[in-house]
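As they're listed, the protein sequences go chains A and B.
Okay, so the first sequence: first residue is 1 according to the numbering used here, each after it adds one.
Okay, so the second sequence: first residue is 498 according to the numbering used here, each after it adds one.
Where is the CB? At the ideal position from N, CA and C, for every residue including glycine.
These notes are about the structure you will find just below.
Protein chains: 2
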Amino acid sequence: MLEKIDLSKKMGKKDFKERMEVLDPELGRLQRACKEKGIPVIIVFEGFGASGKGTMINRLIEPLDPRGFKVYTTQSETLEEHYRPFLWRFWNMMPEKGRISVLDRSWYRILLNDRFDKKTTEKQLGYAFDEIVSFEKLLTDDGVVIIKFFLHISQKEQAKRFKALLDSKETAWRVTEDDKKRNKHFDEFLRINEEMLQKTDRDNAPWHVIEAQDREYAAAKVVSTVVNCLQEAIRAKERRDALPKLPPEESAQIRQDPYRTSALAGVNLNKALDKEEYKARLRDLQARISVLHNEVYKRRIPVILAFEGWDAGGKGGAIKRLTQAMDPRGYEVHPVSAPNDIEKAHHYLWRFWTALPKAGHIAIFDRSWYGRVMVERIEGFCTEEEWRRAYKEINAMEESWANDGAVVLKFWMQIDKEEQERRFKERQENPDKQWKITEEDWRNRAKWDAYEVAVDEMLVHTSTTYAPWIIVEANDKYYARIKVLETVVSAIEKRLK
Amino acid sequence: MLEKIDLSKKMGKKDFKERMEVLDPELGRLQRACKEKGIPVIIVFEGFGASGKGTMINRLIEPLDPRGFKVYTTQSETLEEHYRPFLWRFWNMMPEKGRISVLDRSWYRILLNDRFDKKTTEKQLGYAFDEIVSFEKLLTDDGVVIIKFFLHISQKEQAKRFKALLDSKETAWRVTEDDKKRNKHFDEFLRINEEMLQKTDRDNAPWHVIEAQDREYAAAKVVSTVVNCLQEAIRAKERRDALPKLPPEESAQIRQDPYRTSALAGVNLNKALDKEEYKARLRDLQARISVLHNEVYKRRIPVILAFEGWDAGGKGGAIKRLTQAMDPRGYEVHPVSAPNDIEKAHHYLWRFWTALPKAGHIAIFDRSWYGRVMVERIEGFCTEEEWRRAYKEINAMEESWANDGAVVLKFWMQIDKEEQERRFKERQENPDKQWKITEEDWRNRAKWDAYEVAVDEMLVHTSTTYAPWIIVEANDKYYARIKVLETVVSAIEKRLK
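This is the structure we're talking about:
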């Protein structure tokens, strides 16, 4: 692709000025329209060294309201970033609805400079393409507009620009040894860039290659492309908003299917432990967890545990027994409830990605990202299309974590309807536990059958080799807690081997 | 996913009979409706050994009209198949519009049994997932319905079924040593199947997991699923057909874009060779091609050359000089014109896939699959959506070939408008060449500017590292022919190293 492109395009200063007099006010207007319509925009700049990314960004933002955008620069990763999956830092750059993020280099770094400089491992290269494509898909499915530029200059032009920079004391520092190496082996670096462009050019997030030998031509094409993309995005949003809103159909949320695949039906809830045995095993397991927690920290292994289950299923009790033996500096419990306003202005997975602990720490989620396919599905807080694609989005997220070396386990605390009623009543009658039970718990209980369909589907679609669900038979609390602790211990031990 | 599924589902014989009395006639009706609407259907059966694939297929086809479907079985690959990309044999199983192909095992074999048996190479495993996903996407985008079943039984049930087969002389041969090995290492094989299901479950071609412990339940679920999928496919087709047909807009086919990226603009057409030099270099190059052709055959390297260019650009002359030195048993020239009826009843790439030579042979296409993004685009023979997605479909096809070790080169014979006119007139005036020039050539010539936009876009979007375009400056025939031969020689030599 790149080597076929005619780089001789030019634009006179006068012509440039005339065009920008039309484009600049239009861009300002589009920014306001995106804000009003709640459209988040990401503009990515990639390209060869000295191809003018900084200049282009400066020219682009000139007519924009500075309160509505932010420019991020992606350098080599910091230690904070190194101890997390490579996409983590970009989740932190995501624009809220109606805002614009401009990225000077981006998640593509891992496939370009870092790859050429051999900072990207073979293992990372194996999954980075897939993770990037899934990441962009998830964003655009959620209504984010992604505009990706690749600034293209020739080897000769780059050498000329490097020389000009090197000739002045003020700018010489900007040309690194790695830059020179990339210019010297331009063909090889070009091939790496080509491969990246080929594999990541998608309809939902296409690449725009900019002939960047002539700065006026390049700037005019960049601004004009942004204008076109935003105009199209606003038209598309208007078309979507004009569609009649269908009321959430109960039947669409939970279909009666005589052949539905299930996971919960076969669970034996009679499993139990007596108090003596429970105490002895708990002591033993907690001692092992304490040792493993140290080991996990030293070896920098991320551990992510999610707890879901029926109300009163015993999540809290299990988490408590798990953390009792841990060093509080090395774990964090995240109680998850309805998203706040800032979280609502982002992708629903954003709050979980950004909460990701550093490698070596243990993150425990009391309820989790699975709310999307349970409560949000059942209550109609999201559309059928949204919860249906969530299975794949969630799998992709957990796979990213596992690719980064994380232990990811998900526990479903399973009790039956009678046991739940017993526990609800016990809570109501016990003044110390009354706070634990609300009207909403009873309302949810009335939807038990619908939840059962949703949970079955969730367990089947999202139990993966890299992030399995563990169904915990939890009618007996002792048995349940021991099973949780044993599973965590054996998964960590396996990972440490 | 698999290990979470409750396999205890059962169905009584009476219940089964009652259901089939409703489903069978409906399935027959749906087959006729698909035929009438020209919907091609592929039904894939995968699953564990002895899970009942054959039984399911027999039960499924019972109510079908035998003239409208065909059952294919995928065994280990034959030598014919081995010398071609792994997808090749499945292109040969593709149903025409309105027909049904039922596949007992499929393209997933490379990721399942062959992988477990270590017949799949690491290299193949690296690209097979992507190729399969692209392949299915290309088919469903073209209106093909793909229904994929995975038949699931437990290790214990499998062992029981193997034993029953082994106990009888008539059926013992059906259980191979590899089958026994897979049963013994069921967990490991299960993990491979899990990974396949996770990576290839897409909205356009989802997996249907069938609990296959109980044959009645399984058969009822299979038939019921096919009925649902076909009903939905017919509804979707009716919705699409009901949309108002927009007349092809000239402006939509060829947009005027002041910033369009181009490849042809910078080409220097003054390059030329004198007759003496031409003759000497031609002799030398043809001698080398003769040697290389032998080498290519011995090393089993597939070579695929496509020729495109302006009318009278000199494709024929270049191909003639190229083949003069080759052993006629080792190459084939495919002149490509408008598709015939059978070709039209398939995906537009089908005729090129099925024409693929065995490794070691050289395939030369005089015009090619690029018709889609040139003549079909300009004449409105396909929709904008279709030619736009063709860039990626074509890249994926050529990448499959390159992954299989092929040398893939594409030549664009570039002349200017004046040179074309000169050649057209020469043809008209020369009685021996008059057959080469038709009214259509003059009509195409009138659309030169539109073609130029389409060709530029094609060259930029489909010149890849694995299958580059070579723009041949062809105003001078001598120069053009030598450039073609030299390029072929050096690409093959590079590949032989």
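> Can you tell me whether residue 653 of chain B is buried or exposed, with buried defined as 16 or more other CB within 10 angstroms of its CB?
Replying inline: Residue 653 of chain B comes out exposed.
>> When you compare the CB positions of residue 598 of chain B and residue 539 of chain B, do they come within less than 7 Å of one another, or not?
In response: Going by beta carbons, residue 598 of chain B and residue 539 of chain B fall inside the 7 Å limit.
> Given that residue 6 of chain A touches chain B, what residues does it touch there, using C-beta distances under 9 Å?
Replying inline: Near residue 6 of chain A (Cβ distances below 9 Å), the residues of chain B are 758, 759, 760, 761, 762, 763, 764 and 953.
>> Let me make sure I understand the geometry here. Which of A:14, A:317, A:67 and A:9 has the alpha-carbon closest to that of residue 478 of chain A?
In response: Checking every option, the nearest Cα to that of residue 478 of chain A belongs to A:317.
> Ordered along the chain, which non-local residues of its own chain (more than five positions away) have a Cβ less than 7 Å from that of residue 117 of chain A?
Replying inline: Around residue 117 of chain A: 178.
> Between residue 1014 of chain B and chain A, is there a C-beta pair that is closer than 7 Å?
Replying inline: Chain B is shown only over 498 to 994; residue 1014 of chain B falls outside these bounds and no answer can be derived.
> Which residue's Cα is closest to the Cα of residue 755 of chain B: A:295, A:15 and A:4?
Replying inline: Taking the Cα of residue 755 of chain B as reference, the smallest distance to any Cα among A:295, A:15 and A:4 is reached at A:15.
> Residues bridged to residue 911 of chain B by DSSP?
Replying inline: Its beta-bridge partners are B:970.
> Hey, residue 404 of chain A and residue 40 of chain A: beta-carbon distance below 7 Å or not?
Replying inline: Their beta carbons are not under 7 Å apart, which means residue 404 of chain A does not touch residue 40 of chain A by this criterion.
>> On the DSSP bridge list, what partners appear for residue 862 of chain B?
In response: Per DSSP, B:803 and B:831.
> Do you know offhand how far residue 251 of chain A's Cα is from residue 457 of chain A's?
Replying inline: The predicted model places residue 251 of chain A with a pLDDT of 48, which falls under 50 and marks its position as unreliable; any figure quoted below should be read in that light. Spanning the two alpha carbons is a distance of roughly 15 Å.
>> Which residues in chain B have a C-beta closer than 9 Å to the C-beta of residue 185 of chain A? List them in chain order.
In response: Going along chain B, no residue has its Cβ under 9 Å from residue 185 of chain A, so there is no contact; the nearest lies around 15 Å.
> At a cut of 8 Å, does the region 261-271 of chain A reach the region 501-521 of chain B through at least three beta carbon pairs?
Replying inline: Between the region 261-271 of chain A and the region 501-521 of chain B there are three or more inter-stretch CB-CB distances shorter than 8 Å, so the stretches are counted as touching.
>> In the DSSP output, what is residue 609 of chain B paired with across the bridge?
In response: Beta bridge pairing from DSSP links residue 609 of chain B with no other residue.
>> Please classify residue 496 of chain A as buried or exposed, where buried requires at least 16 neighbouring CB atoms within 10 angstroms.
In response: Burial call: exposed.
>> Pop quiz: residue 547 of chain B and residue 688 of chain B are said to be a contact at Cβ under 8 Å. What is the actual Cβ separation, rounded to whole angstroms?
In response: In this structure residue 547 of chain B does not touch residue 688 of chain B by the C-beta definition: roughly 19 Å separates them, more than the 8 Å allowed.
> Residues of chain A with CB under 9 Å from residue 706 of chain B, in chain order?
Replying inline: Near residue 706 of chain B (Cβ distances below 9 Å), the residues of chain A are 261 and 460.
> What residue range is occupied by the uninterrupted alpha helix (DSSP H) comprising residue 101 of chain A?
Replying inline: Careful: residue 101 of chain A lies outside any alpha helix (DSSP H), inside the beta strand (DSSP E) at 100-104.
>> Distance cutoff 7 Å, beta carbons only. Does residue 198 of chain A sit that close to anything in chain B?
In response: So yes, residue 198 of chain A belongs to the interface.
> Are there three or more Cβ pairs, one per stretch, closer than 8 Å when the region 120-134 of chain A is compared with the region 19-39 of chain A?
Replying inline: Judged by Cβ distances under 8 Å, the region 120-134 of chain A makes no contact with the region 19-39 of chain A, as fewer than three pairs qualify.
>> Within a Cβ cutoff of 7 Å, which residues of the same chain sit near residue 395 of chain A, ignoring the five residues on either side of it in sequence?
In response: Closer than 7 Å at the Cβ level, and outside the excluded window around residue 395 of chain A, lie 462 and 464.
> Is it a yes or a no for the region 867-876 of chain B touching the region 813-829 of chain B, going by three-plus beta-carbon pairs under 8 Å?
Replying inline: Contact between the region 867-876 of chain B and the region 813-829 of chain B is absent, because fewer than three Cβ pairs lie under 8 Å.
> Counting only runs that start and end within the region 142-228 of chain A, where is the alpha helix (DSSP H) found for 4 or more residues in a row?
Replying inline: Fully enclosed alpha helix (DSSP H) runs of 4 or longer: 155-166, 177-184 and 186-200.
> Given a limit of 9 Å on CB to CB distance, which residues of the region 462-485 of chain A reach chain B?
Replying inline: Result list: 462, 463, 464, 465, 466, 468, 469 and 471.
> Residue ranges of each alpha helix (DSSP H) run of no fewer than 4 residues wholly in the region 554-580 of chain B, ordered along the chain?
Replying inline: With a minimum length of 4 residues, the continuous alpha helix (DSSP H) runs that stay inside the region 554-580 of chain B are 576-579.
>> For the pair the region 165-177 of chain A and the region 219-232 of chain A, tell me if three or more CB-CB distances fall below 8 Å.
In response: Not touching, per the Cβ criterion.
>> Just to confirm before moving on: does the CB-CB distance between residue 142 of chain A and residue 347 of chain A stay below 7 Å?
In response: Residue 347 of chain A sits close to residue 142 of chain A, with the two beta carbons spaced by under 7 Å.
> In chain A, what lies closer than 8 Å to residue 892 of chain B by C-beta?
Replying inline: Within chain A, the residues whose beta carbon sits less than 8 Å from that of residue 892 of chain B are 198, listed in sequence order.
> So, are the CB atoms of residue 114 of chain A and residue 53 of chain A less than 7 Å apart?
Replying inline: At a Cβ-Cβ threshold of 7 Å, residue 114 of chain A and residue 53 of chain A do not count as neighbours.
> For residue 956 of chain B, is the classification buried or exposed, using 16 other Cβ atoms within 10 angstroms of its Cβ as the cut-off for buried?
Replying inline: If you draw a 10 Å sphere on the C-beta of residue 956 of chain B, you find 16 or more other C-beta atoms in it, and that means buried.
>> Using the Cβ count rule (16 or more neighbours within 10 Å means buried), how would you classify residue 680 of chain B?
In response: It counts as buried.
> For the candidate residues A:36, A:475, A:489 and A:454, whose alpha-carbon lies nearest to that of residue 238 of chain A?
Replying inline: Residue A:36 is the option with its Cα nearest to residue 238 of chain A.
>> Let me see if you follow: with CB-CB separation under 7 Å, is residue 748 of chain B close to chain A or not?
In response: Model confidence at residue 748 of chain B stands at a pLDDT of 47, short of 50, so the residue's coordinates are unreliable; what they give is reported in the following sentence. Closer than 7 Å: no.
> With 7 Å set as the bound, which would you pick, yes or no: does the beta-carbon of residue 691 of chain B sit closer than that to a beta-carbon of chain A?
Replying inline: It does: the Cβ of residue 691 of chain B has a partner Cβ on chain A nearer than 7 Å.
>> Against chain B, with Cβ distances strictly below 7 Å, would residue 497 of chain A count as a contact?
In response: No, residue 497 of chain A does not count as interfacial toward chain B.
> Within the chosen definition, does the region 801-812 of chain B reach the region 904-914 of chain B through at least 3 CB pairs nearer than 8 Å?
Replying inline: The region 801-812 of chain B, when compared against the region 904-914 of chain B, does touch it at the 8 Å Cβ threshold.
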